[in-house]
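Protein chains: 2
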Amino acid sequence: MHAFDVLGDPIRRRILEVLADGEGSAGELGRVIQSEFGISQPAVSQHLRVLRETGFATVRSEGVRRLYAVNPAPLAQADAWFDAFRRFWEPKLDALGTELARGRLTQKKDAAKASAHDEETPETHE
Amino acid sequence: MHAFDVLGDPIRRRILEVLADGEGSAGELGRVIQSEFGISQPAVSQHLRVLRETGFATVRSEGVRRLYAVNPAPLAQADAWFDAFRRFWEPKLDALGTELARGRLTQKKDAAKASAHDEETPETHE
DNA sequence: GGCTTGTATAAGGCTTGACTTATAGAAGCG
DNA sequence: CGCTTCTATAAGTCAAGCCTTATACAAGCC
């Protein structure tokens, strides 16, 4: 599943937005999402699975709870697709400034580490 | 159709990438896409329709040709979704610098104009 | 151990969207 | 005009993904 397919689902986007405020248990997320979208607990759990398996979220167990958190690397990678188009709407910045603003220089290693997951170039075309 | 659903398709992403190098006719695009993905001419035309109808591409007729070009506004808007997560991978910039880098200040009017299209808040949640 | 709470998986139905082939429409040329 | 080129639309098939209900599993408590 490509990154943009993952982000194509409004429920998964919402889950990530909630997680952006800090980690949360499956139950907490479930209550928020169920109240907002009116879907069942298993449906939420299935979305969490997708986020896990595609690397957009990480989990850790704490007692009976499962605590989810945002994993930034795949998000940063998806966002990088827009690089080819930024010149259409961003004011000119010198190259170094742009790199700094984009975080490419300081985050290269992190991106490499985190993308050890998969989804690198799964299809024919990326 | 949400922006990320549009971008979820690898063929549509590829079309936009090709168009990033400048406008091209449906036929030129068709030849590239067909050779790369092995799909039919109508399939390409249908993808072009989606890009047109969602505002990601514009068309103008020139004789018998139909010339497509990138329309940056919806792309910029889709990219803006990542704003909530940039702090995870971007180095700190003072607020003004960030706004400049993002192009929000100088492009606000363009974004407003172009989003007259639709897709603003089509579903219950955005 | 048995109950309760928290979470995940299984199985099946339904919808959506992307493809195909066939065909239509529009512009230019002889 | 009739033919060719370029592009779009129509209709139908098929697969993928998201949902539901039912159920399983895991941890803590009595």
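Protein chains in written order, with full-length UniProt numbering: chain Z, 1 to 126; chain G, 1 to 126. Quick reminder that beta carbons are idealized off the backbone N, C-alpha and C, glycines included.
Relative to the Cα of G:TRP89, the nearest Cα in the group Z:VAL64, Z:ALA76 and Z:HIS2 belongs to Z:ALA76. Annotation for G:VAL70: no alpha helix (DSSP H) segment contains it, though the beta strand (DSSP E) segment containing it runs 65-70. Relative to the Cα of Z:LEU48, the nearest Cα in the group Z:PRO91, Z:ALA69, Z:PHE37 and Z:HIS2 belongs to Z:ALA69.
Judged by DSSP in its simplified three-state form, G:GLU23 adopts coil rather than helix or strand. Taking each of Z:ARG65, Z:PHE4, Z:LEU16 and Z:GLY8 in turn and checking the Cα distance to G:PHE85, the smallest one comes out for Z:LEU16.
Note: G:ALA57 is bridge-paired with G:VAL70 in the DSSP secondary-structure output. Interface with chain Z (8 Å Cβ-Cβ cutoff): G:LEU75 is included. Contacts with chain Z at 8 Å (Cβ-Cβ) include G:GLU17. The stretch 22-40 of chain G makes no contact with the stretch 15-34 of chain Z; the number of CB pairs closer than 8 Å stays below 3. Annotated three-state conformation of Z:GLU62 is strand, per DSSP. At a cut-off of 8 Å between C-beta atoms, Z:VAL70 counts as an interface residue with respect to chain G.
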